[in-house]
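Residue numbers for the sequence shown follow my numbering, beginning at 2 and rising by one.
No residue lacks a Cβ here, since even glycine has one placed at the ideal position from N, Cα and C.
The structure appears right after this line, and notes come after that.
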Amino acid sequence: MKFGLPGPSANVTEDLTGAGPIVKGMGMRIVGGLAAVAVFTLLCWDASVRVSEAYPNIRRCLSDPTKYAGRDVWIIPGKVTASDAEGFIVRDQHGLVRVRSTARPDPGEYVFVHGVFQPGGTLEGRAVRVNPRFRAERAGVIGCSLAVLAVFAWMFHRTFAWRDGAFHVRA
């Protein structure tokens, strides 16, 4: 009986630089790929910090009204919850805010608002646009996204099969 490493019959590549499971240069490609992912992650993080300060949302403005007083704010889109002689109240994904404007959208309408944040927690509206087709547009975007996802799922299903606990290319 011979002791030691199994021979070629055990499906082990003796020359690791050959055409076996480990190919020459694979390590550098993996390191390069990980470095690219790390750089991309850092750039995304940096952009998220810079953009949120350059274009603050309503939640950020309401958290520190004196810091963000006089800054331009965009609400895209927001649902009008109430309207009166001074303006209207709009709810977006970040909260409620009162918009002082001459525009009088009806409650329930979706609006795009560009304005200047005031220290009292209100928004001085510069531009207001009512979007009567917002729900239809949103449904269309969701429908198109689901159609693209279905096509990719179908292509993946046709290309790969689940066998032995892993995906394998279909013959």
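Is the distance from the Cβ of I90 to the Cβ of T103 below 8 Å? As a first step, residue 90 is located in the sequence shown; it is residue number 89 there, counting from the start. As a first step, residue 103 is located in the sequence shown; it is residue number 102 there, counting from the start. No. Outside cutoff.
Would you check if the distance between the CB atom of V74 and the CB atom of L43 is smaller than 8 Å? Along the sequence shown, read from residue 1 onward, the residue named residue 74 stands at position 73. Along the sequence shown, read from residue 1 onward, the residue named residue 43 stands at position 42. Contact: no.
With 16 other CB atoms within 10 Å as the buried threshold, where does V129 fall? The residue labelled residue 129 in the question sits at position 128 within the sequence shown. It counts as buried.
Could you pull out every residue in the same chain whose Cβ sits closer than 7 Å to the Cβ of V131, ignoring the five residues on either side in sequence? By 1-based counting over the sequence shown, the position of residue 131 is 130. Taken in chain order, the residues that qualify are P106, E110 and V112.
If you draw a straight line from the alpha carbon of R136 to that of V40, how long is it in whole angstroms? Counted from its first residue, the sequence shown places residue 136 at position 135. Counted from its first residue, the sequence shown places residue 40 at position 39. Answer to the nearest angstrom: the Cα atoms are 38 Å apart.
How many Å lie between F168 and R101 at the Cα? Residue numbering aside, residue 168 sits at position 167 when the sequence shown is read from its first letter. Residue numbering aside, residue 101 sits at position 100 when the sequence shown is read from its first letter. F168 and R101: Cα-Cα distance of roughly 58 Å.
What are the complete beta strand (DSSP E) segments, minimum 3 residues, inside the segment 70-128? 73-84, 88-93, 96-101 and 111-118
For A154 and C145, what's the separation of their Cα atoms in angstroms? Numbered from its first residue, the sequence shown carries residue 154 at position 153. Numbered from its first residue, the sequence shown carries residue 145 at position 144. Answer to the nearest angstrom: the Cα atoms are 14 Å apart.
At which residues does the alpha helix (DSSP H) containing A167 begin and terminate? For the purposes of this step, residue 167 is taken as residue 166 along the sequence shown, with counting starting at 1. Careful: A167 lies outside any alpha helix (DSSP H), inside the beta strand (DSSP E) at A167 to V170.
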